[in-house]
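Chains as they are written, first to last, in this note's numbering: chain A, 1 to 230; chain B, 231 to 874.
Just below is one structure, and these are the notes that go with it.
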Amino acid sequence: MLFDWLAKKLGPPPDHPKFWSQYLSGFDGTLGKRTPIEEVCFVVFDTETTGLDPRKDRILSIGAVKVLNWQIDVSQRLDCYVQQSYKPIGETIAVHGILPGVNLNREMDEVEAVQHFVAYCHNSILVGHHVAFDIAMINQALKSMIGQKLVNKRLDTAALASRVLEKKDYEQPGTYGLDTLCKIYDIPMSDRHTAAGDAFITAVLLLKLLARLKKRGVTTLGGLLRGPGI
Amino acid sequence: MENTIPRRIYDFLKEFPPFNLLDPSLLLRVSERILVQYRQPDEVIFNQGDAPGAHIYIVREGAVHLLREVDGETILVEQCDEGDVFGIRPLLASEHYALTAKVVEESLIYAINIEGFREILENNPKVAFYLASTFAAGIGEKYRREGKPSLFLDQDKMVDANFPLVEIQSLEKSKDPVTCLPDTLIREAAIIMSNREVGSIIVVNEAGQPEGIVTDKDLRSKVATGVVGLGRPVTDIMSSPVITVGPNITVADVQIEMVKNRINHLCITEDGTLDSPVIGVLSEHDLMVVQGNNPALLIREIRRCRNGKELRNIRERAEELLKKYIYQEVAIAFIATVMSEVNDELITQAIRLCQAELDAEGQKRPQAEFCWLALGSEGRQEQLLRTDQDNALIFENVPEEAYQSTKAYFLELAGRVTRLLNEVGYDYCPGDMMASNPSWCLSLDEWKAQFSKWIFEPSPKAVMYCTIFFDYRPIYGPKELSAQLTEHIFKIIEGQAIFLGFLAKDALQNPPPLTFFRNFVVESSGEHKDEFDIKARAMMPLADAARVLILDAKVGKINNTFRRFEKLSELEPLNKELYQQAADAYEILMRYRALQGLKNKNSGRYFNPSELSKMERVNLRNCFQPIKELQTLLSLRYQLAYLR
């Protein structure tokens with residue numbers, strides 16, 4: 001496996017923090033191309049941020065659920081709010097309604113939140129709607145913390161939807177917004193624009209998309225990742 | 231913002247029973263532990279006969295069929311869709327699944343681990359009751375305790391004493407019963423009773439088995455009056471046999487026994503029969519301690535009433551009792567028994583008062599016995615709230631020369647009784663089906679002729695009369711009169727398949743309760759526009775079907791619709807399930823009608839479906855299922871296609 005090779009190549013340098021060594025050790029080769037979808041753990045997540053530029057903007061909250069064997073266990077959810085000193089620009093705040101510095105009791109700092117998230121992800125497949133952006137946000141935080149990046153495989157539900165709907169334009173995952181897909185697949189859209197709410201909606205979307213692909217013979221992780229839009 | 235996902239699940243669950251009955255913080259805790267399962271068509275969630283699973287299920291989206299395999303055939307028992315709960319058997323009883331749950335549409339299912347939920351159940355009797363009654367109503371699985379009128383649940387496991395309902399609490403039995411041997415002298419027994427400060431003493435044999443009971447009343451009426459000497463053995467004055475019950479008796483059971491037998495003391499024996507040792511005594515006083523307003527007390531007070539106003543007052547107190555029973559979800563079989571007893575006693579007292587009035591006015595009683603019949607819902611022992619009075623009168627055949635005066639007397643009596651009942655709150659029958667109508671105040675021979683005419687020459691009107699008159703039940707006077715009429719009817723009905731066909735056809739005339747889209751059909755015009763007619767659309771089809779089938783089976787004396795269905799399920803094992811569902815459905819419908827009636831202070835017949843909660847709608851909708859099946863059965867059995 002590519003990532004095992006990477007991990008070996010890089011080795012666990014002595015200055016890796018413990019959480020990161022533990023994270024890397026999770027990629028032990030148990031997930032392979034032939035792993036049935038039922039046995040693959042997907043971490044479906046979403047972040048709310050101060051803006052849309054990973055280089056400048058910061059994470060406000062992370063919400064995630066795990067999908068395993070066609071099931072979401074609500075007790076295994078991640079829902080954390082990040083304390084940021086960064087002053088937001090009005091526009092983004094209007095979308096998700098989180099103001100930095102409010103409710104300090106429940107918040108954690110970014111380092112702690114990202115550590116939680118990394119441990120939560122383990123070696124799962126990371127899934128999100130336009131997941132590249134959310135991963136970039138996490139990676140930006142990891143870079144400034146320890147100079148590392150997430151190594152999980154990833155799956156974009158927007159791209160997956162294009163594949164299921166057999167649209168030619170799946171190279172451009174942006175065609176399908178989460179709202180549009182929720183309408184197509186009858187998914188109720190309450191709590192949009194909270195990280196956990198969007199993560200949950202996306203997880204239900206993932207289940208419905210996976211089921212449709214399974215009918216077409218996509219039954220393994222290999223088959224799932226082979227498609228475009230990864 | 232915190233806890234977004236559980237909140238979303240909570241928002242869904244709180245719309246549906248039984249979750250709407252839970253405290254919000256509790257429901258949120260349940261929501262935090264939910265498994266969201268994606269299921270595809272044809273997937274089987276559990277199989278009939280599988281060991282109990284760890285979850286109960288709620289359909290979030292999609293549809294699941296509950297199926298039963300019977301002799302290699304698969305029967306659809308229920309379709310569960312959004313908000314429906316299924317697979318609750320493991321929660322209520324550690325038994326194997328009785329049904330198979332199969333997904334029919336792409337579905338999202340919420341699964342709740344039964345561990346933890348069980349505790350919730352124990353602390354929330356309403357939730358337990360809801361699950362138990364849906365369970366019993368045939369949603370999901372079937373479960374009923376043989377012969378137990380009060381509880382669906384297995385008492386030992388589920389409810390115990392922390393249930394707040396007095397009616398189903400286990401009674402603290404009076405320990406150390408006061409007993410004596412049969413050769414004890416009355417004087418000695420009286421001394422024991424007085425020393426122990428009790429109002430009764432059980433006479434037991436050497437083995438401790440009850441032989442009889444001596445109460446204060448026996449001492450007063452038989453000894454103090456000098457009829458029996460103090461030096462005689464207690465066996466001379468004891469009442470025997472005593473009515474015995476088992477140790478796990480509930481207040482409801484005790485009341486039923488006392489009301490039924492018109493007694494004030496029950497003897498508790500080890501196994502509930504006369505053949506085991508006495509372990510306690512329950513007196514009516516014990517009951518009154520746990521319960522303020524009690525039916526036996528009301529019935530006794532009715533006998534002391536002197537006028538319509540007093541009777542009305544009692545009936546209103548009975549309604550309070552009814553309200554309490556309904557809100558506490560006491561079994562309808564019990565409520566119906568109690569309320570019919572009250573109604574019967576009210577009618578009886580009304581007759582007694584009117585007869586005394588006529589006596590006082592010097593009107594001579596004729597040389598003929600009479601029997602007062604209750605018809606319609608009171609005849610079926612289903613009248614919980616006061617509705618219209620339907621009644622009739624049979625008098626003994628009299629010589630021709632005495633007929634005029636006899637009939638005149640009974641018409642005068644019936645006129646006064648119906649007037650008095652109207653004062654009590656039972657409206658006059660708009661169709662004049664009352665004993666005060668000369669057509670329905672007849673001699674036995676005239677009644678026989680009347681029924682013969684209806685049966686041999688069935689017309690729509692005759693059939694309509696039959697549906698009302700066939701549910702007659704003797705209330706006052708010698709029961710032989712009505713028994714003779716019943717015998718006559720069964721004799722002539724033999725070989726009159728065409729008549730049963732007419733009755734069956736009539737039973738299919740009722741309008742359907744649901745639209746194609748499973749909405750309630752409401753009245754399109756008139757006084758009750760946009761209201762649902764629960765009587766015509768849901769109850770009458772069941773009552774009518776039960777009547778035809780029970781007449782066909784020649785079973786008399788059972789008038790109550792759900793008891794008729796229960797009897798039918800014994801007689802026709804093949805249709806057992808349908809009949810039991812129908813019986814359950816009827817009980818639930820009676821409960822709803824009473825609930826609506828109490829809420830809106832009317833007969834409860836019409837109500838606006840939009841005022842029902844989702845739970846009520848689901849419950850009602852499920853009651854309608856056996857109606858359709860029964861109508862198909864009638865159609866086939868009486869080949870109604872030919873008659874149409």
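Where is the CB? At the ideal position from N, CA and C, for every residue including glycine.
DSSP state of residue 598 (chain B) mapped onto helix, strand, coil | Within the second sequence, numbered from 1, the residue matching residue 598 (chain B) stands at position 368. Coil, per DSSP.
Taking 8 Å as the CB-CB cut-off, is residue 231 (chain B) touching chain A?
-> The sequence position of residue 231 (chain B) within the second sequence is 1, counting from 1. With a pLDDT of 44 at residue 231 (chain B), under the threshold of 50, the modelled position of this residue cannot be trusted; read the value that follows with caution. Answer yes: the Cβ-Cβ gap between residue 231 (chain B) and chain A drops below 8 Å somewhere.
Output yes if chain B places a C-beta closer than 8 Å to the C-beta of residue 20 (chain A); else output no.
-> Walking along the first sequence from the start, residue 20 (chain A) turns up at place 20. Answer no: the Cβ-Cβ gap between residue 20 (chain A) and chain B never drops below 8 Å.
Considering only C-alpha positions, which residue in the set A:162, A:166, A:127, A:198 is nearest to residue 150 (chain A)?
-> As a first step, residue 150 (chain A) is located in the first sequence; it is residue number 150 there, counting from the start. Looking only at A:162, A:166, A:127, A:198, the smallest Cα-Cα distance to residue 150 (chain A) is reached by A:127.
Checking contacts by CB at 8 Å: is residue 651 (chain B) closer than that to chain A?
-> To locate residue 651 (chain B), count along the second sequence from 1; it is residue 421. No - not a single Cβ of chain A is within 8 Å of the one on residue 651 (chain B).
Under the three-state DSSP convention, the category residue 333 (chain B) falls into = Here residue 333 (chain B) is taken as the residue at index 103 of the second sequence, counted from 1. DSSP places residue 333 (chain B) in strand when its eight states are reduced to three.
Pick out whichever of B:799, B:337, B:245, B:797 has its Cα sitting closest to the Cα of residue 211 (chain A).
-> Looking up residue 211 (chain A) in the first sequence gives position 211. Comparing Cα positions, the closest option is B:337.
Report the rounded CA-to-CA distance for residue 719 (chain B) versus residue 685 (chain B), giving the unit in angstroms.
-> Here residue 719 (chain B) corresponds to residue number 489 of the second sequence, with the count starting at 1. Here residue 685 (chain B) corresponds to residue number 455 of the second sequence, with the count starting at 1. Cα to Cα, residue 719 (chain B) sits roughly 9 Å from residue 685 (chain B).
Proximal residues, the segment 259 to 270 of chain B versus chain A, C-beta separation under 9 Å | Correct list: 261, 262, 263, 264, 265, 266, 267, 268, 269, 270.
Rounded to a whole number of angstroms, what is the C-alpha to C-alpha distance between residue 345 (chain B) and residue 307 (chain B)?
-> Translated into positions along the second sequence, residue 345 (chain B) becomes position 115. Translated into positions along the second sequence, residue 307 (chain B) becomes position 77. Taking the straight line from one Cα to the other gives about 27 Å.
May I ask you to report which of helix, strand or coil DSSP gives residue 103 (chain A)?
-> Sequence index remark: in the first sequence, residue 103 (chain A) carries index 103 (1-based). Any reading at residue 103 (chain A) needs caution, since the residue's pLDDT is 38, under 50, leaving its predicted position unreliable; the model's value is listed next. Reduced to three states, the DSSP call for residue 103 (chain A) is coil.
On the premise that residue 464 (chain B) lies in contact with residue 410 (chain B), defined as a C-beta separation below 8 Å, what is that separation, rounded to the nearest angstrom?
-> If you number the second sequence from 1, residue 410 (chain B) lands on position 180. If you number the second sequence from 1, residue 464 (chain B) lands on position 234. Residue 410 (chain B) to residue 464 (chain B), Cβ: 6 Å. Contact.
Taking only beta carbons into account, state which residues of the segment 32 to 46 of chain A come closer than 7 Å to chain B, listed in chain order.
-> none
What three-state label does DSSP hand residue 229 (chain A) in the structure shown?
-> Your numbering for residue 229 (chain A) matches position 229 in the first sequence. Only weak support exists for where residue 229 (chain A) lies, its pLDDT of 40 falling under 50; the value from the coordinates is given anyway. Coil at residue 229 (chain A), not helix or strand.
Do you know offhand how far residue 693 (chain B)'s Cα is from residue 732 (chain B)'s?
-> Indexing the second sequence from 1 puts residue 693 (chain B) at position 463. Indexing the second sequence from 1 puts residue 732 (chain B) at position 502. Answer to the nearest angstrom: the Cα atoms are 7 Å apart.
Hey, residue 496 (chain B) and residue 512 (chain B) are a contact pair by Cβ (cut 8 Å); roughly how many whole angstroms apart?
-> Here residue 496 (chain B) refers to the residue found at position 266 when the second sequence is read from its first residue. Here residue 512 (chain B) refers to the residue found at position 282 when the second sequence is read from its first residue. About 5 Å; that satisfies the 8 Å criterion.
What does a CB cutoff of less than 6 Å around residue 104 (chain A) pick up in its chain, not counting 5 residues either side in sequence?
-> For this step, residue 104 (chain A) is matched to residue 104 along the first sequence. The predicted model places residue 104 (chain A) with a pLDDT of 36, which falls under 50 and marks its position as unreliable; any figure quoted below should be read in that light. Counting only Cβ-Cβ distances below 6 Å, and skipping sequence neighbours, we find nothing.
Using a beta-carbon distance below 8 Å, is residue 83 (chain A) in contact with chain B?
-> By one-based count along the first sequence, residue 83 (chain A) stands at place 83. Not an interface residue.
Any idea if residue 791 (chain B) is buried or exposed, counting beta-carbon neighbours within 10 angstroms, 16 or more meaning buried?
-> The residue you call residue 791 (chain B) lines up with position 561 of the second sequence. Result: buried.
What are the partner residues of residue 304 (chain B), as DSSP defines its beta bridges?
-> The residue given as residue 304 (chain B) occupies position 74 in the second sequence. Answer is B:299, bridged to residue 304 (chain B).
So, is the C-beta of residue 128 (chain A) closer than 8 Å to a C-beta in chain B?
-> Position 128 of the first sequence holds residue 128 (chain A). For residue 128 (chain A), the answer is no, since every Cβ of chain B falls outside 8 Å of its Cβ.
Checking contacts by CB at 8 Å: is residue 338 (chain B) closer than that to chain A?
-> Counting from one through the second sequence, the residue named residue 338 (chain B) turns up at place 108. With 8 Å as the cut-off, residue 338 (chain B) counts as an interface residue toward chain A.
Does the segment 579 to 591 of chain B come close enough to the segment 693 to 702 of chain B to have 3 or more Cβ pairs within less than 8 Å?
-> Touching, no, given that fewer than three Cβ pairs across the two stretches are closer than 8 Å.
Does the segment 623 to 630 of chain B come within contact of the segment 590 to 607 of chain B, defined as at least 3 CB pairs closer than 8 Å?
-> Segments in contact, yes.
Residue 760 (chain B) versus B:858, B:837, B:636, B:498, residue with shortest Cα-Cα distance = Counted from its first residue, the second sequence places residue 760 (chain B) at position 530. Nearest of B:858, B:837, B:636, B:498 to residue 760 (chain B), Cα basis: B:837.
Within-8 Å CB hit, residue 228 (chain A) to chain B | Position 228 of the first sequence, counting from 1, holds the residue named residue 228 (chain A). Unreliable placement is indicated for residue 228 (chain A), whose pLDDT of 49 sits below 50; the coordinate value is still reported in the next sentence. No - not a single Cβ of chain B is within 8 Å of the one on residue 228 (chain A).
Find the residues of chain B that neighbour residue 136 (chain A), judging by a C-beta separation of less than 9 Å, and give them in chain order.
-> The count along the first sequence starts at 1 and reaches residue 136 (chain A) at position 136. Near residue 136 (chain A) there are no residues of chain B at all, since even the closest Cβ is about 23 Å away, more than 9 Å.
Can you tell me the Cα-Cα spacing of residue 669 (chain B) and residue 641 (chain B), whole angstroms?
-> For the purposes of this step, residue 669 (chain B) is taken as residue 439 along the second sequence, with counting starting at 1. For the purposes of this step, residue 641 (chain B) is taken as residue 411 along the second sequence, with counting starting at 1. In a straight line, the C-alpha of residue 669 (chain B) is about 10 Å away from that of residue 641 (chain B).
What residue from A:123, A:20, A:177 has the CA that sits closest to residue 111 (chain A)'s CA?
-> On the first sequence, position 111 is the one that residue 111 (chain A) refers to. Nearest of A:123, A:20, A:177 to residue 111 (chain A), Cα basis: A:20.
Is it right to say residue 804 (chain B) is buried, meaning 16 or more other beta carbons lie within 10 angstroms of its own, or is it exposed?
-> Within the second sequence, the letter at position 574 stands for residue 804 (chain B). Residue environment analysis places residue 804 (chain B) among the exposed positions, since fewer than 16 neighbouring C-beta atoms fall within 10 angstroms of its C-beta.
Does DSSP put residue 785 (chain B) in a helix, a strand or coil?
-> Within the second sequence, residue 785 (chain B) is the residue found at index 555, counting from 1. Coil.
Applying a beta-carbon distance threshold of less than 7 Å, which residues of chain A neighbour residue 350 (chain B)?
-> Taking the second sequence and counting its residues from 1, one reaches residue 350 (chain B) at position 120. Residues of chain A passing the Cβ test: none, with the nearest at roughly 16 Å.
Residue 674 (chain B) versus residue 506 (chain B): straight-line alpha-carbon distance, rounded = One-based indexing of the second sequence puts residue 674 (chain B) at position 444. One-based indexing of the second sequence puts residue 506 (chain B) at position 276. C-alpha separation (whole angstroms): 47 Å.
Between residue 728 (chain B) and residue 771 (chain B), which are expected to be in contact by the criterion C-beta below 8 Å, what is the C-beta distance as a whole number of angstroms?
-> For the purposes of this step, residue 728 (chain B) is taken as the residue at position 498 of the second sequence. For the purposes of this step, residue 771 (chain B) is taken as the residue at position 541 of the second sequence. Contact flag wrong, Cβ pair sits at about 21 Å.
Identify the contact partners of residue 71 (chain A) in chain B, using a Cβ-Cβ distance below 9 Å as the criterion.
-> Translated into the one-based positions of the first sequence, residue 71 (chain A) becomes position 71. Chain order gives the chain B residues near residue 71 (chain A) as 265, 266, 267, 268, 341, where near means a beta carbon separation below 9 Å.
Consult DSSP for residue 494 (chain B) and reduce its assignment to one of helix, strand or coil.
-> For the purposes of this step, residue 494 (chain B) is taken as residue 264 along the second sequence, with counting starting at 1. In the structure shown, the three-state DSSP call for residue 494 (chain B) is coil.
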